[in-house]
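Structure first, commentary second.
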Amino acid sequence: MKAVRNLVHSVQSKHVSSPETLVERGLIPPDHFEAVTEACKTLPVRLTSHIAAQIDSQNLTSPLAKQFVPSPNETFVEDDEIADPIGDVTHSPVAGIVHRYPDRVLLTPVLSCPVYCRFCFRREFVGDGLLNNDDLESAIDYIRNHPEIWEVILSGGDPLILSQRRLGEIIDALDAIDHVAVIRVHTRVPVVDPHRVTRTLTDALKRKTPVFIVLHCNHADELVPEARDAIAQFVDNGFPVLSQSVLLKDVNDNSDTLATLMKTLVQCRVKPYYLHHGDKAQGTSHFRTALAVGRKLISQLRGQLSGLCQPTYMLDIPGGHGKIPAAEDYLKLENDGSWTVVDWKGNTHQYLD
Numbered sequence: 086m087k088a089v090r091n092l093v094h095s096v097q098s099k100h101v102s103s104p105e106t107l108v109e110r111g112l113i114p115p116d117h118f119e120a121v122t123e124a125c126k127t128l129p130v131r132l133t134s135h136i137a138a139q140i141d142s143q144n145l146t147s148p149l150a151k152q153f154v155p156s157p158n159e160t161f162v163e164d165d166e167i168a169d170p171i172g173d174v175t176h177s178p179v180a181g182i183v184h185r186y187p188d189r190v191l192l193t194p195v196l197s198c199p200v201y202c203r204f205c206f207r208r209e210f211v212g213d214g215l216l217n218n219d220d221l222e223s224a225i226d227y228i229r230n231h232p233e234i235w236e237v238i239l240s241g242g243d244p245l246i247l248s249q250r251r252l253g254e255i256i257d258a259l260d261a262i263d264h265v266a267v268i269r270v271h272t273r274v275p276v277v278d279p280h281r282v283t284r285t286l287t288d289a290l291k292r293k294t295p296v297f298i299v300l301h302c303n304h305a306d307e308l309v310p311e312a313r314d315a316i317a318q319f320v321d322n323g324f325p326v327l328s329q330s331v332l333l334k335d336v337n338d339n340s341d342t343l344a345t346l347m348k349t350l351v352q353c354r355v356k357p358y359y360l361h362h363g364d365k366a367q368g369t370s371h372f373r374t375a376l377a378v379g380r381k382l383i384s385q386l387r388g389q390l391s392g393l394c395q396p397t398y399m400l401d402i403p404g405g406h407g408k409i410p411a412a413e414d415y416l417k418l419e420n421d422g423s424w425t426v427v428d429w430k431g432n433t434h435q436y437l438d
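Per our numbering, the sequence shown runs over residues 86 to 438.
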């Protein structure tokens, strides 16, 4: 597709992008090849050279390996795991827009990422997709025509893999809409492809409308010096940086690991924002903890950490009903082991671990 070649920053040569390469580099054992190949039919494999260099082939249970290297476990799908676990499609009035809450929308100009996280909740949708010019204009028109939209969240995919020209065009279009007061950019680029973050990139984002960077980071091992330098590029150029993390079994599901992550983020001048409970995406059950585990961990962190370091533990209610703070009184454990969940509108829903 011509648009993809022209409008997405080219990092293909840096990628580990096939099960064959994983075997060659010792990142999966040969006897995992067939199952991993099957798993990659749903969610491709992609590792930047930065991430691949940090994964020790002698330690394939490390936090980085577990996040980015495909596993045969992904071929096992639980009965309650679904292709669109948070209901994006239900709330998509036009291509590239998710309008779940009245005052904000998600704009997804690209569905590619520099890496593919193996727990991705959009695993059925990510790939080499890109909004064409007509669809992007329709998405911008939707935002223009809905004055209740106060905030636009650029996500995907990872919007920071767009060419700086394309990214600048999108920011310009949003900056020209009077009722758009805040732009948020969700990205993993600073920790997975840190050399992508340059002054040219930050200049492409800087406009009169405030732009907040929300960094996806799950373990302190991701915050190597190159990543810290990339984060500093944003902070030093005036961008507030927040973080969102996912609670992942055998990656960060203990209080000491989470405390180290949150403290390290704050030392990098990043404010911890959300700690997400794992979504029920297909083939991700090996990553999910029980809700009770997450609630206990957050309770433990309250006593361990400064308020600066405290994230909010969030559950996305399956089916597209929105997020709720999972550590507060929005949940009631029933006698049958299920949870009654109250969403932001006061409606109740059932959730089963």
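For every residue, glycine included, the Cβ atom is placed at its ideal position computed from N, Cα and C. Predicted model, so just to flag it, every value in this text is computed and none were measured.
Collapsing the DSSP output to three states places residue 204 in coil. Assigned with DSSP and collapsed to three states, residue 428 falls in coil, not helix or strand.
Residue pairing by DSSP places residue 186 opposite 189 in a beta bridge.
Fully contained in the region 95-127 are the following alpha helix (DSSP H) runs of length 4 or more, in chain order: 104-109, 118-124.
Taking C-alpha positions only, residue 279 is separated from residue 356 by approximately 19 Å. Straight across, the Cα-Cα distance linking residue 417 with residue 176 is about 27 Å. The beta-carbon distance between residue 409 and residue 424, rounded to whole angstroms, is 11 Å. This is too long to meet the 8 Å contact definition. Collapsing the DSSP output to three states places residue 197 in coil.
Checking the DSSP bridge columns, you'll see residue 132 partnered with 101. Taking a 10 Å sphere around the C-beta of residue 384, we find fewer than 16 other C-beta atoms and assign the residue as exposed. Counting C-beta atoms within 10 angstroms of its own C-beta, residue 328 has 16 or more neighbours from the protein chains shown and is therefore classed as buried. By the Cβ rule, the region 382-396 does not count as touching the region 144-164, because fewer than three pairs are nearer than 8 Å. Contact holds between the region 202-221 and the region 349-367, because three or more Cβ pairs, one in each stretch, are under 8 Å apart. Two segments are said to touch when three or more pairs of C-beta atoms, one from each, lie closer than 8 Å; by this definition the region 103-122 does not touch the region 163-172. Taking a cut-off of 8 Å on C-beta distances, the region 183-196 does not touch the region 131-142, as fewer than three cross pairs fall below it. Straight through space, the alpha carbons of residue 154 and residue 130 are spaced by roughly 7 Å.
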